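Peer 1: Numbering-wise, the numbering used here puts 40 at position 26 of the sequence shown, and it's gapless, one number per residue. From the three backbone atoms N, C-alpha and C, an ideal C-beta is built for every residue, glycine too. These numbers come from a predicted model, not from an experiment. Before I ask anything, here is the structure I am working with.
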Amino acid sequence: DNPTNAKEGQTGVIIATQDGTGTRTLAYGNQYRFAGGTDIVLSTALNSVDLIFYVVLPGLLVFLSAQKAIAA
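In structure tokens:
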């Protein structure tokens, strides 16, 4: 889905942690834009941690970039 209550200039980080099963995925609404133009695919290993950084752009588009598989 698309974000709700987003404000232009807002920034943050989303911490995505896989559970003991792993292979969980994310889906994105049409307001998201990605570094390099490619959707972020989460790391799939058990208990892996990805950081997804975001900034809300004009028009309430949300730009995302990620640092994947960081050490927990």
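Starting from the N-terminal side, write out each stretch of the beta strand (DSSP E) that is 3 residues or longer and does not extend beyond the segment 38-67.
Peer 2: Counting only runs of 3 or more, we get 46-48.
Peer 1: In terms of alpha-carbon separation, which member of Gly23, Gly43, Gly51, Val63 lies closest to Gly36?
Peer 2: When each option's Cα is compared against that of Gly36, the closest is Val63.
Peer 1: Express the C-alpha separation of Tyr68 and Ala85 in angstroms, rounding to a whole number.
Peer 2: Each residue's alpha carbon lies about 20 Å from the other.
Peer 1: Could you have a look at Gly26 and say whether DSSP puts it in helix, strand or coil?
Peer 2: Reduced to three states, the DSSP call for Gly26 is strand.
Peer 1: What does the alpha-carbon distance come out to for the pair Asp33 and Thr39?
Peer 2: Between Asp33 and Thr39, the C-alpha separation is close to 11 Å.
Peer 1: Within this structure, are the beta carbons of Leu60 and Ala30 separated by less than 9 Å?
Peer 2: Going by C-beta atoms, Leu60 is not nearer than 9 Å to Ala30.
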